[in-house]
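Heads up: the structure comes next, in structure tokens.
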Amino acid sequence: MQRKFFLLVFLILLTCLAVTLSCGDDDDDDNDNDDVTPDDDDTVDDDDTVDDDTPDVDDDDSGPILTPLDAGEVTYLLDNGLPVPSHRYLDGTRVMSLDGDWLFQQDPAFAGEDEQWYAPGYDRSDWRAIEVPGSWCSAFDDLLRYKGIGWYALTFDVPDSVDDAQLHSMLLRFGAVFLRSKFYLNGELIGEHQGGYTPIHLALRDKLQRENNVLAVRADNRITWTTIPVDTIFHQGSHGWWPYGGITRPVGLHALPDPWLSKVEPAFVDENGNVVVTLGVWSFSPQTRHVDLDVILTDPDGDERPGYARLLVNAAGYLAYRFTIESPAPQVWSRQTPENLYLLTLSVDNGDGLAVRFGYRTLDLDGHRLLLNGEPDYWHGINRHSDYLASGPTETEETIAREVELLGELHANHVRPSHYPVDARLLDALCDAGITILEEVPVYQLQFGQMDDPHLIAVAQHQIAEAIERDKNNPAILAWSVGNEYGNYWPTSRVLTAEMNAQAKRFDPSRPTLAVIANATCVVPLDFTLSEVDLIGVNQYYGWYMGRVWQAGRCLDTVHRMYPDKPIFATEFGAGAVAGNFLPAGEEPGPEDLEDHSYSEDFQAWLLESHITQFLERDYLSGVMPWVFADFRMEWDPSTGNPHPVSGMNLKGLLTHDRTQRKMSFDLVSGIYSELEER
1209 MQRKFFLLVF LILLTCLAVT LSCGDDDDDD NDNDDVTPDD DDTVDDDDTV DDDTPDVDDD
1269 DSGPILTPLD AGEVTYLLDN GLPVPSHRYL DGTRVMSLDG DWLFQQDPAF AGEDEQWYAP
1329 GYDRSDWRAI EVPGSWCSAF DDLLRYKGIG WYALTFDVPD SVDDAQLHSM LLRFGAVFLR
1389 SKFYLNGELI GEHQGGYTPI HLALRDKLQR ENNVLAVRAD NRITWTTIPV DTIFHQGSHG
1449 WWPYGGITRP VGLHALPDPW LSKVEPAFVD ENGNVVVTLG VWSFSPQTRH VDLDVILTDP
1509 DGDERPGYAR LLVNAAGYLA YRFTIESPAP QVWSRQTPEN LYLLTLSVDN GDGLAVRFGY
1569 RTLDLDGHRL LLNGEPDYWH GINRHSDYLA SGPTETEETI AREVELLGEL HANHVRPSHY
1629 PVDARLLDAL CDAGITILEE VPVYQLQFGQ MDDPHLIAVA QHQIAEAIER DKNNPAILAW
1689 SVGNEYGNYW PTSRVLTAEM NAQAKRFDPS RPTLAVIANA TCVVPLDFTL SEVDLIGVNQ
1749 YYGWYMGRVW QAGRCLDTVH RMYPDKPIFA TEFGAGAVAG NFLPAGEEPG PEDLEDHSYS
1809 EDFQAWLLES HITQFLERDY LSGVMPWVFA DFRMEWDPST GNPHPVSGMN LKGLLTHDRT
1869 QRKMSFDLVS GIYSELEER
């Protein structure tokens, strides 16, 4: 009787799925967000519970079978014909690293495609060796300022561990390529991508050979009117941070099983326990089959709760499932207890295996207060850029460890990693250290018609969806920033903000959104942006670029009067200083000529202390984040020096570019933050 019931259900589902299931396609258009809107009802049937007593059944036995959810219940994103996957703490599909020595050639005449530099037989004897990951800007002194096309090439063999059946189900994963990229394998185009800070996944299908594969990458680091980030109106041709071109994050070859577990999103239902797992599966074959799924939930104490489920896979394309794991009341993740992380390990009988980390914490809005785990949360944080003297934009295990160590010495409890998604390994390390995160996409200083341009909006929406799909499981991420310093005083900003906010909520309804504005609204209280988001960030540089230091607090008062029921953060403020440069003996720091600053450590520390003092007096404020953690490269020189003391360098860091010297401001901010920790 039970078998007949399941057979009937199967036939009904198969008929419905043939009509309604969104399976995606192989369209390589970066702007094609093949997503489905999530359903607000996340109820899980009792029959879908995974527990220790679930019998181990084979294909001939009846047992708990998870059927695909309706097409409207789980949002997903396609890129190059594959779903953007969740970030893995452990990934059993990875076969080999493709990091190391590649060949490189710049292409200022744009000849590479016409001359087929990607072809297997092309002569590359005059190409230079380059380390991947990295950037041509930091690898070669003569290319530091090169903006244009750069070609990479690598010849590789597939390891013997990959059998013939797997050879045609392989995937290439690039952690990031800046900014626009095309990928060729053995002379054929296999994908394209726009966006310099999120991973790229490329299905190889029948393009891969057992030996002598030639992989070529065309990278274009030019920032234009049609890219995100855009070429800005205020500094045309010169960007606010360095456009490091190239393959800037690790590259790997993966063997994709059929089906492939792409999305894994575990979440505690409530404080009483039980974990609901949303699972996205990519099926390459339309063949109907059952897939056995072994589940292990490991708690912060190392105790394991094993489980089992069976998936009914009955179509090609994207299938989604949801099931529950019975668990005791969760241990809360917080800044004080960052060790309270759970590990969900999934293993499939086709060889797929992965693990994701997650944690339980609550995040609520109560008027102008942000509540973390039920308590008002105050961010005493810092902004930073992934920009290093030796490695440019590329993080290494050493830079990550040192960055987190220095953030701890600063007593920062929060980080805005800057205007783009950073390496997920850095986000993992911040989570382990109990440092919370505001993650942002590079919607940077768009103005006027740029803000309702359908193409730019689509590219920006794609990038925020990529970031959320990758990083959603990280409990340290408290909010998604939809953009920085775009023209909130102009009506078109409402279009951009509404579209970005809707995209963020579509892919993650659990977190608040934030928009960062410049101080123009403090001068003329006009805004078309902030009503569309949950949180407000205000950047202002009183006493540095404009006005007087004492105006900083009043600026925030103006925004608070406009939005008294929204949490407000002082997201940027600061001043430049050359390490080792001090005012003459006996001279006290104070207001300076806005076009002839001293760039002294004394003045920088004085300005930061003046700002923070004003901010701490305002109890409606939810946090402060000076700009910036360490000096970094930028393309335009501010007019605040006569002349600017170090061309091509933003000197507002509390540390030098190489992180070896602390300016006076580092110890000043560290002392203030240490006192805040004790409150």
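Following the working numbering, the numbering of the sequence shown begins with 1209 at its first residue and continues without gaps. Think of the CB as a built atom: it goes at the ideal place given N, C-alpha and C, for glycine as much as any other residue.
For Y1405 and H1447, the rounded distance between their alpha carbons: What you label residue 1447 is simply residue 239 of the sequence shown in a count that begins at 1. What you label residue 1405 is simply residue 197 of the sequence shown in a count that begins at 1. Whole-angstrom Cα-Cα distance: 16 Å.
Inter-stretch contact (C-beta, 8 Å, three-pair minimum) for the segment 1858-1874 and the segment 1656-1667: no
Buried versus exposed call for M1378 [16 or more other C-beta atoms within 10 Å across all chains shown]: Counted from its first residue, the sequence shown places residue 1378 at position 170. Burial call: buried.
Contained beta strand (DSSP E) runs [length at least 3] in the segment 1706-1774, N- to C-terminal order: 1721-1725 and 1743-1747
Boundaries of the alpha helix (DSSP H) in which S1878 is found, first to last residue: For the purposes of this step, residue 1878 is taken as residue 670 along the sequence shown, with counting starting at 1. M1872 to E1885 is the span of the alpha helix (DSSP H), which, as asked, contains S1878.
DSSP state of T1607 mapped onto helix, strand, coil: Position 399 of the sequence shown, counted from the start, is the residue given in the question as residue 1607. Three-state DSSP puts T1607 in a helix.
For R1353, three-class secondary structure by DSSP: Along the sequence shown, one-based indexing puts residue 1353 at 145. DSSP places R1353 in coil when its eight states are reduced to three.
Delimiting residues of the beta strand (DSSP E) encompassing D1478: Position 270 of the sequence shown, counted from the start, is the residue given in the question as residue 1478. W1468 to D1478 is the extent of the beta strand (DSSP E) around D1478.
Segment limits, alpha helix (DSSP H) that includes L1579: Along the sequence shown, read from residue 1 onward, the residue named residue 1579 stands at position 371. First-last for L1579: R1577 to L1580, but that is the beta strand (DSSP E), not the alpha helix (DSSP H).
Runs of alpha helix (DSSP H) wholly within the segment 1323-1350 (minimum 4 residues, chain order): 1344-1347
Nearest candidate by alpha-carbon position, reference P1601, set R1610, I1455 and K1415: Stepping through the sequence shown from its first residue, residue 1601 is reached at position 393. The shortest Cα separation from P1601 among R1610, I1455 and K1415 belongs to I1455.
Which of helix, strand or coil DSSP assigns to K1390: Reading the sequence shown from its first residue, position 182 is the one you call residue 1390. K1390 falls in the strand class under three-state DSSP.
Three-way DSSP call (helix, strand, coil) for V1252 in this model: If you number the sequence shown from 1, residue 1252 lands on position 44. Because V1252 carries a pLDDT of 32, less than 50, the predicted location of this residue cannot be relied on, and the following value inherits that uncertainty. It is coil, neither helix nor strand.
Neighbour-count burial assignment, S1305, 16 or more Cβ in a 10 Å radius: As a first step, residue 1305 is located in the sequence shown; it is residue number 97 there, counting from the start. Flag for S1305 reads exposed.
L1704 in three-state terms, based on DSSP: By 1-based counting over the sequence shown, the position of residue 1704 is 496. In the structure shown, L1704 sits in a helix (DSSP, three-state: H, G or I).
Under the three-state DSSP convention, the category P1799 falls into: Position 591 of the sequence shown, counted from the first residue, corresponds to residue 1799. DSSP places P1799 in coil when its eight states are reduced to three.
Beta-carbon proximity of Y1568 to F1476, cut-off 7 Å: On the sequence shown, position 360 is the one that residue 1568 refers to. On the sequence shown, position 268 is the one that residue 1476 refers to. Contact: yes.
CB of F1566 within 7 Å of CB of T1283, strictly: One-based indexing of the sequence shown puts residue 1566 at position 358. One-based indexing of the sequence shown puts residue 1283 at position 75. It is not a contact, given that the beta carbons lie outside the stated cut-off.
CA nearest to the CA of S1491, picked from P1467, A1706 and S1594: Here residue 1491 is taken as the residue at index 283 of the sequence shown, counted from 1. If we check each option's Cα against that of S1491, P1467 comes out closest.
The beta strand (DSSP E) enclosing P1514, as first and last residue numbers: By one-based count along the sequence shown, residue 1514 stands at place 306. Unbroken beta strand (DSSP E) run through P1514: E1512 to V1521.
M1754, buried or exposed, once every other Cβ within 10 Å from all chains shown has been counted against 16: On the sequence shown, residue 1754 is found 546 positions in, with the first residue counted as 1. M1754 is exposed by the Cβ-count criterion.
Beta-carbon proximity of L1562 to R1756, cut-off 7 Å: Looking up residue 1562 in the sequence shown gives position 354. Looking up residue 1756 in the sequence shown gives position 548. No.
Cβ-Cβ separation, Q1653 to E1707 (assumed contact under 8 Å), whole Å: Stepping through the sequence shown from its first residue, residue 1707 is reached at position 499. Stepping through the sequence shown from its first residue, residue 1653 is reached at position 445. Contact flag wrong, Cβ pair sits at about 17 Å.
Top-ranked residue by Cα proximity to R1336, from F1348, P1799, A1327 and F1840: Residue mapping note: residue 1336 aligns to position 128 of the sequence shown, counting from 1. With distances taken between Cα atoms, R1336 lies closest to F1348.
Under 7 Å between C-beta atoms of N1621 and M1833: Position 413 of the sequence shown, counted from the first residue, corresponds to residue 1621. Position 625 of the sequence shown, counted from the first residue, corresponds to residue 1833. Result no, Cβ atoms of N1621 and M1833 do not sit closer than 7 Å.
Alpha carbon of H1819 to alpha carbon of I1685, nearest angstrom: Within the sequence shown, residue 1819 is the residue found at index 611, counting from 1. Within the sequence shown, residue 1685 is the residue found at index 477, counting from 1. Answer to the nearest angstrom: the Cα atoms are 26 Å apart.
Where W1814 sits in the DSSP three-state scheme: By 1-based counting over the sequence shown, the position of residue 1814 is 606. DSSP places W1814 in helix when its eight states are reduced to three.
Segment limits, beta strand (DSSP E) that includes D1636: Indexing the sequence shown from 1 puts residue 1636 at position 428. Run containing D1636: none in the beta strand (DSSP E); it sits in the alpha helix (DSSP H), A1632 to A1641.
CB of I1744 within 7 Å of CB of K1713, strictly: Position 536 of the sequence shown, counted from the start, is the residue given in the question as residue 1744. Position 505 of the sequence shown, counted from the start, is the residue given in the question as residue 1713. No. Outside cutoff.
Exposure of A1319, with buried meaning 16 or more beta-carbon neighbours within 10 Å: Along the sequence shown, read from residue 1 onward, the residue named residue 1319 stands at position 111. It counts as exposed.
For V1649 and A1668, believed in contact at Cβ under 8 Å, the rounded distance: Taking the first residue of the sequence shown as 1, we reach residue 1668 at position 460. Taking the first residue of the sequence shown as 1, we reach residue 1649 at position 441. With 8 Å as the limit, A1668 and V1649 qualify as a contact, their Cβ atoms being about 6 Å apart.
Inter-residue spacing [alpha-carbon to alpha-carbon] between F1874 and G1403: Here residue 1874 refers to the residue found at position 666 when the sequence shown is read from its first residue. Here residue 1403 refers to the residue found at position 195 when the sequence shown is read from its first residue. Distance between the alpha carbons of F1874 and G1403 is about 33 Å.
Spatial distance of K1885 from L1380 (CA atoms): Working through the sequence shown from its first residue, we reach residue 1885 at position 677. Working through the sequence shown from its first residue, we reach residue 1380 at position 172. Checking the displayed sequence, the identity of residue 1885 turns out to be Glu instead of Lys. In a straight line, the C-alpha of E1885 is about 44 Å away from that of L1380.
Segments assigned alpha helix (DSSP H), at least 4 residues, entirely inside the segment 1813-1875: none
Range covered by the beta strand (DSSP E) that runs through Q1313: Residue mapping note: residue 1313 aligns to position 105 of the sequence shown, counting from 1. Per DSSP, Q1313 belongs to the beta strand (DSSP E) from G1308 to Q1314.
Contact under 7 Å by Cβ, R1518 with D1500: Here residue 1518 corresponds to residue number 310 of the sequence shown, with the count starting at 1. Here residue 1500 corresponds to residue number 292 of the sequence shown, with the count starting at 1. Yes, these two residues count as a Cβ contact at 7 Å.
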